[in-house]
Amino acid sequence: MNLIWILSYNFFIISLIAIGGVSAVVPEIHRVFVEHYHLMDEQLFTQLFAISQAAPGPNVIFVGLFGWQVAGVMGAVVSLFSLCVPTLLLAVMFEKTGSQYQSKKWYNVIKLSLSPIAIGLLLSTSTLLIKKDFNWKMIVFISVIVFILSKWKLNSIYLLFIGIIVGALGLLN
Amino acid sequence: MSLKNYNEITTIKLFVTFAALGLRGFGGVMPYVHASLVEKKKWLTNEEFSELIVIGQILPGANVTNFAAMFGYRKCGWQGSLAAVLGILIPPFLVLLVIYNFFKIYAELAVIKGALKGMLAVASALVLVTAAKLVLAQTRRVVTILLSILCVTLSGYFKLPLFYIILIIFPIALLMGWRASK
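Listed in order, the protein sequences are those of chains A and B.
Under the working numbering, think of the first position of the first sequence as 1, with each following residue one higher.
Under the working numbering, think of the first position of the second sequence as 1001, with each following residue one higher.
Quick look at the structure:
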């Protein structure tokens, strides 16, 4: 089957069930494209995600990079388009008819009900990212980062710099 | 040009504004969105901002692009929606391509391999903290944590497609949320 078709069809489906943002659907993207279609190996997949954290802008650009790696410019355009457009249409429809949905109570019930899924998926993403390089030094380093973030409100780009330096020095091998 | 015209929101202004937001937004765009649209430009009130955020979170997909689409539509219709979304996506993506090509050229160096490992650890920690923040925002943490554990088991261990995971967990969570809200 044609790569462009595989990308557009699957990202379209994922876009409709993408609860909790792009970071939360990383396991699903991995399941479909790495485990099912074998479009790339696991290490490259997680590395693309890590690299996309180093760029500014919304996390969704990771999907563009993924498409780029698989099928070049067209892959990037089609992947981003398929992941964004269906929910954008929903968003605009919501905006058009928004006045009917003013009941704050239902917003909150739905939002709270989606939370366990988002939380579970995020945990899944977090473990998926380090599965290949799993060792005790990684655990210690991650714990330190989590500790820092719980104490101080720090922009993640500084933490990524720390990560790059610590990793480049070979302290995590 | 009168002051009114100067303050008028056009599709070009939307594109430029969201492009600037995207490029500044290291580690999450949303704080910059609030600072720019609500505090500086006063294109939105605080209430309008929170309302758009909540809808953006309920809808599937990326929160920020949903927000951009709704805001653009509210101000300039379809063209506005398109301008805002393209603005927030394209410039950051071009920056990402530059970073990616740098890593690709030096991919075989031990230093770069190590650096990627460090980035993965930080990315993993960031995602973990996002999850922790969501847990802390809950009023009924025990139920949420139990359902999250179920979700992570179904996703990580049983490798169940996301669609089925939602089908299993969402109704339970909705039922419990609805009962608690009564």
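Using N, Cα and C, we set each Cβ at its ideal position, and we do this for glycine too.
In terms of Cα proximity to Q1057(B), the closest of G75(A), S115(A), N10(A) is S115(A). Annotation for G1056(B): the continuous alpha helix (DSSP H) segment containing it runs 1046–1058. A direct Cα-to-Cα measurement between S156(A) and V146(A) gives close to 11 Å.
In the DSSP assignment, P56(A) falls outside any alpha helix (DSSP H), carrying neither H nor E. Following the DSSP letters along the chain, one finds T1139(B) in no alpha helix (DSSP H), marked with neither H nor E. Annotation: Cβ neighbours of A118(A) in chain B (cutoff 7 Å, chain order): L1134.
Here W106(A) is exposed. Its C-beta has fewer than 16 other C-beta atoms within 10 Å.
I1149(B) is the residue among S1050(B), I1149(B), V1064(B) whose C-alpha sits nearest the C-alpha of A118(A). Between L160(A) and V1127(B), the CB-CB gap reaches or exceeds 8 Å.
It is roughly 43 Å from the alpha-carbon of A168(A) to the alpha-carbon of L90(A). Within the model, the alpha-carbon separation for E1051(B) versus S15(A) is close to 22 Å. For the options G170(A), Y158(A), S79(A), S124(A), the alpha carbon positioned closest to that of F1026(B) is the one of Y158(A). Close to chain B, meaning a Cβ-Cβ distance shorter than 9 Å, are the following residues of the stretch 7–29 of chain A: I13, I14, S15, L16, I17, A18, I19, G20, G21, V22, S23, A24, V25, V26, P27, E28. Under the Cβ criterion (8 Å, minimum of three pairs), the stretch 1067–1080 of chain B counts as touching the stretch 1011–1025 of chain B. In the assembly as shown, V140(A) is an exposed residue. Its beta-carbon has fewer than 16 other beta-carbons within 10 Å.
Counting C-beta atoms within 10 angstroms of its own C-beta, D133(A) has 16 or more neighbours from the protein chains shown and is therefore classed as buried. If you ignore the 5 residues before and after L154(A), its C-beta comes within less than 6 Å of no other C-beta in its own chain.
As the crow flies, the alpha-carbon of A50(A) is around 31 Å from that of I110(A). Counting of Cβ neighbours within 10 angstroms places K151(A) among the exposed residues, the total staying below 16.
DSSP places P1092(B) in the helix class (H, G or I) of the three-state scheme. For V166(A), the uninterrupted alpha helix (DSSP H) run begins and ends at 156–168, by DSSP. Per the C-alpha coordinates, the member of A1069(B), W1178(B), V1095(B), Y1100(B) positioned closest to V85(A) is A1069(B). Excluding five sequence positions before and after M74(A), the CB atoms of its chain that fall closer than 7 Å to its own CB belong to I4, given in chain order. For R1179(B), the enclosing alpha helix (DSSP H) covers residues 1162–1181. Using a Cβ-Cβ cut-off of 8 Å, V146(A) counts as an interface residue toward chain B, since at least one Cβ of chain B sits closer than that to its own.
Against M138(A), the close residues of chain B are A1121, in the order they occur along the chain (beta-carbon pairs closer than 7 Å). In the three-state reduction of the DSSP assignment, I29(A) falls in the helix class. By the neighbour-count criterion, in which 16 or more other beta carbons inside 10 Å mark a residue as buried, Y1073(B) falls on the buried side. In its chain, beyond the 5 residues on either side, no residue has a beta carbon closer than 8 Å to the beta carbon of E1048(B). Separation of the CB atoms of F45(A) and S52(A) is rounded to 11 Å, and the pair is thereby denied contact status at 8 Å.
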